[in-house]
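Trainee: So that we are looking at the same thing, I have put the structure below in structure tokens.
Number of protein chains: 2
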Amino acid sequence: MTKTQEPVITSVADLPTSEAKWVTLQKISYIDQTGTPRTWEVASRKTRAASAGVDAVAMGNVLLHPARPPATLLVIQYRPPLDAYTVEWPAGLVDEGETAEQAAVREFREETGYACEVVGVSPVQAADPGLSSANMQLVMVEVRLGEEEALPEQRLEDGEHIQRVVVPLAELYDRLMEYSRRERTVVSAKLFHFAAGMHFAKTQAEKYGI
Amino acid sequence: MTKTQEPVITSVADLPTSEAKWVTLQKISYIDQTGTPRTWEVASRKTRAASAGVDAVAMGNVLLHPARPPATLLVIQYRPPLDAYTVEWPAGLVDEGETAEQAAVREFREETGYACEVVGVSPVQAADPGLSSANMQLVMVEVRLGEEEALPEQRLEDGEHIQRVVVPLAELYDRLMEYSRRERTVVSAKLFHFAAGMHFAKTQAEKYGI
Chain Z
12 MTKTQEPVIT
22 SVADLPTSEA
32 KWVTLQKISY
42 IDQTGTPRTW
52 EVASRKTRAA
62 SAGVDAVAMG
72 NVLLHPARPP
82 ATLLVIQYRP
92 PLDAYTVEWP
102 AGLVDEGETA
112 EQAAVREFRE
122 ETGYACEVVG
132 VSPVQAADPG
142 LSSANMQLVM
152 VEVRLGEEEA
162 LPEQRLEDGE
172 HIQRVVVPLA
182 ELYDRLMEYS
192 RRERTVVSAK
202 LFHFAAGMHF
212 AKTQAEKYGI
Chain G
12 MTKTQEPVIT
22 SVADLPTSEA
32 KWVTLQKISY
42 IDQTGTPRTW
52 EVASRKTRAA
62 SAGVDAVAMG
72 NVLLHPARPP
82 ATLLVIQYRP
92 PLDAYTVEWP
102 AGLVDEGETA
112 EQAAVREFRE
122 ETGYACEVVG
132 VSPVQAADPG
142 LSSANMQLVM
152 VEVRLGEEEA
162 LPEQRLEDGE
172 HIQRVVVPLA
182 ELYDRLMEYS
192 RRERTVVSAK
202 LFHFAAGMHF
212 AKTQAEKYGI
């Protein structure tokens, strides 16, 4: 990433729903379980491809190197909605005509430079169900590395500035805690929850007999 | 939950930003790392309490019963944004003047009927960083149960219809996979990722040496 300056927000303005390209705001009227009419405000993506029926994929990934412990690649990028750098697994929107697996391989290649093998695809999950209709699938992928050191070249779209960080799997939770203490840095909830689940299983197994 | 009928959406209408009470749509103008001016569309909650600086809490919870394996309580509720029942950990918005811990204890009591003890509070996490400014903290809580069987009474707000399900921790991942196969049912990404992390740590420990 060529980082020449810290990103800065110059203005935040109400966006009329009619002018929004990517996101829309809708009022849902519905009849609840008791027969009572109610309403709910929802933010939706306008870009969901009909083919996959899912907005996005995130790639839980394991890098396997002949001489190093299994690791995972995280991406750090400036996210205007939070005015902060977020720490996430590589992720992206599913394009029209793609399956979740295809989107995962393509986006992983673009953001990380690596070719990957899909080893698992989760069911569709609700990204933030009280607020939005956005949904996603977690695609687990593996990358088999050679001995070479250097990270491959990314194929980023115009405007994408994505820093890659490789973290040993065994240190993932501690590293996310560390990132969370950094100024202007926030870990994404999905990645944090995965790491917290790993940490929970490892540290609480005896206490809870799991 | 008194469930007399399946919820049904009667209309979905564009919501002018000026009329929205809970959510707003904004256009952020910013200067990126290379000095290039760019814009981003963002959905934000209008309700963030200044005191905590965080929108919401979710309660990762462990129920400890004298005679049963450690379990966790999930809530299933109709979520209009997805027109589906979601499976989640209890969660709620942080009120003005509350800390995340206080909100967790209050919301857990309201949604589940149980008094709980907070055993851990996560850093602030970004709920869906490409789409919204929404953020949250994961608060881990424990509930010590007596021998009695019955679930305590909920204290739900008007319009809340929340079904509680108790799942042994060791079965969490499999149960979420099962729920994901049910019609009109979606698991929340945060809960699914936590369970997937637990499952990963348990099943891949040998393969990846973690």
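Just so you know, the protein sequences line up as chains Z and G, in that order. Read left to right, the first sequence gives residues 12 to 221 (my numbering). Read left to right, the second sequence gives residues 12 to 221 (my numbering). Backbone N, C-alpha and C fix where the C-beta goes; we use that ideal spot for every residue, glycine too.
1) Would G:L85 count as contacting chain B if we go by Cβ distances under 8 Å?
2) For the beta strand (DSSP E) containing G:Q37, list its first residue and its last residue.
3) Grab me the residues of G:R56's own chain with a C-beta within less than 7 Å of its C-beta, minus the 5 sequence neighbours each way, in chain order.
4) Z:Q165 CB to nearest chain G CB: under 8 Å?
5) Can you name, in chain order, every residue of its own chain whose Cβ lies under 8 Å from the Cβ of G:A82, other than the five neighbours on each side?
6) Going by alpha carbons, who is nearest to Z:Y244 out of Z:H172, Z:T45, Z:V23 and Z:K201?
7) Output the distance between the C-alpha atoms of Z:M209 and Z:E17, rounded to the nearest integer angstrom.
8) Is the Cβ of G:R90 closer than 8 Å to any Cβ of chain Z?
9) I want to verify the contact list: residues of chain G whose CB lies under 7 Å from the CB of Z:V73, in sequence order.
10) Looking only at C-alpha atoms, which of G:A111, G:Y125, G:E128 and G:S191 sits nearest to G:G64?
11) Which chain Z residues are close to G:E52, counting only those with a beta carbon under 8 Å from its beta carbon?
12) On the criterion of 16 or more Cβ atoms from any shown chain inside 10 Å, does G:S143 qualify as buried, or is it exposed?
13) Could you check the C-alpha separation between Z:Y190 and G:G108 for me, to the nearest Å?
14) Compare the beta carbon distance of Z:T47 and Z:S40 with 8 Å and say whether it is the shorter of the two.
15) Check Z:T28 in the structure and name its three-state DSSP category.
16) Is the distance from the Cβ of Z:V197 to the Cβ of Z:L187 below 8 Å?
17) How is G:P163 classed by DSSP in three states: helix, strand or coil?
18) With G:L84 and G:R193 assumed to form a contact (beta carbons below 8 Å), what rounded beta-carbon distance in angstroms separates them?
19) Give the C-beta separation of G:L36 and G:E52 to the nearest angstrom, bearing in mind that I take them to be a contact with Cβ-Cβ under 8 Å.
20) Since Z:I2 and G:T45 should fall inside the 8 Å C-beta cutoff, what is the C-beta to C-beta distance between them, to a whole number of angstroms?
21) Are Z:F203 and G:Q215 closer than 8 Å when you measure CB to CB?
22) I'd like to know whether the C-beta of G:M147 is nearer than 8 Å to at least one C-beta of chain Z.
23) If we call anything under 8 Å between Cβ atoms a contact, is Z:E118 one with Z:G103?
24) What are the uninterrupted segments assigned as beta strand (DSSP E) that are 3 or more residues long and contained completely in the region 149-196 of chain G, given in chain order?
25) When DSSP builds the beta bridges, which residues end up paired with Z:Q136?
26) Mind checking whether Z:A207 and G:F211 have CB atoms under 8 Å apart?
27) Using only alpha-carbon positions, find the residue among G:G124, G:A126, G:I221 and G:P163 that is nearest to Z:E182.
28) According to DSSP, simplified to helix, strand and coil, what is Z:R120?
29) Is G:Q215 helix, strand or coil when you go by DSSP?
30) Inspect the beta-carbon positions of Z:Q113 and Z:V132 and report whether they are closer than 8 Å.
31) Return yes when the Cβ of G:C127 is within less than 8 Å of the Cβ of G:V98, no when it is not.
32) Anything in chain G within Cβ reach of Z:S62, meaning under 8 Å, just list it in chain order.
33) Is any beta-carbon of chain G found at less than 8 Å from that of Z:H76?
34) Near Z:L93, which residues of its chain fall below 6 Å by C-beta distance, leaving aside the five closest residues on each side in sequence?
35) Just the C-alpha distance for Z:M70 and Z:V129, rounded to the nearest angstrom, thanks.
36) So for Z:G220, helix, strand or coil by DSSP?
Mentor: Judging by the given coordinates:
1) Any reference to chain B falls outside this structure, whose protein chains are Z and G.
2) In the DSSP assignment, G:Q37 falls within the unbroken beta strand (DSSP E) covering V34 to I42.
3) Closer than 7 Å at the Cβ level, and outside the excluded window around G:R56, lie W33, V34, D66 and A145.
4) Not one chain G Cβ lies under 8 Å of Z:Q165.
5) A distance below 8 Å between beta-carbons, with the five flanking residues on each side excluded, links G:A82 to the following residues of its chain, in chain order: V73, L74, H76, V177, V178, P179 and L180.
6) Residue 244 of chain Z lies beyond the residue range present for chain Z, which begins at 12 and ends at 221; the question has no answer from this structure.
7) Approximately 33 Å, taken between the alpha carbons.
8) Closer than 8 Å to the CB of G:R90 there is at least one CB belonging to chain Z.
9) Those within 7 Å of Z:V73 in chain G are Y219.
10) Residue G:A111 is the option with its Cα nearest to G:G64.
11) Chain-ordered, the chain Z residues with CB closer than 8 Å to the CB of G:E52 read L26, A31, K32, W33 and V34.
12) Sixteen is the threshold: when 16 or more other Cβ atoms of the shown chains lie within 10 Å of the Cβ of G:S143, as they do, the residue is buried.
13) If I take the Cα positions, the gap works out to 27 Å.
14) In this structure, Z:S40 does not lie closer than 8 Å to Z:T47 by Cβ.
15) Assigned with DSSP and collapsed to three states, Z:T28 falls in helix.
16) Using a Cβ distance threshold of 8 Å, Z:V197 and Z:L187 do not count as a contacting pair.
17) In the structure shown, G:P163 sits in coil (DSSP, three-state: anything other than H, G, I, E or B).
18) With a beta-carbon spacing of about 19 Å, G:L84 and G:R193 fall beyond the 8 Å limit used to define contacts.
19) So it is a contact: roughly 7 Å between Cβ atoms.
20) Outside the displayed span of chain Z (12 to 221) sits residue 2 of chain Z, for which this structure offers no information.
21) No.
22) Contacts with chain Z at 8 Å (Cβ-Cβ) include G:M147.
23) Less than 8 Å separates the beta-carbon of Z:E118 from that of Z:G103.
24) Complete beta strand (DSSP E) runs here, min 3: 174-179.
25) By DSSP's assignment, Z:Q136 forms a beta bridge with Z:M147 and G:V198.
26) One thing to note: Z:A207 has its Cβ no nearer than 8 Å to the Cβ of G:F211.
27) Looking at G:G124, G:A126, G:I221 and G:P163, the one whose alpha-carbon comes closest to that of Z:E182 is G:I221.
28) Helix at Z:R120.
29) DSSP places G:Q215 in coil when its eight states are reduced to three.
30) For the pair Z:Q113 and Z:V132, the CB atoms are not nearer than the 8 Å cut-off.
31) The Cβ atoms of G:V98 and G:C127 do not sit closer than 8 Å to each other.
32) Residues of chain G passing the Cβ test: none, with the nearest at roughly 19 Å.
33) Not an interface residue.
34) Closer than 6 Å at the Cβ level, and outside the excluded window around Z:L93, lie V197.
35) Straight-line spacing of the CA atoms in Z:M70 and Z:V129 works out to 9 Å.
36) Correct three-state label for Z:G220: coil.
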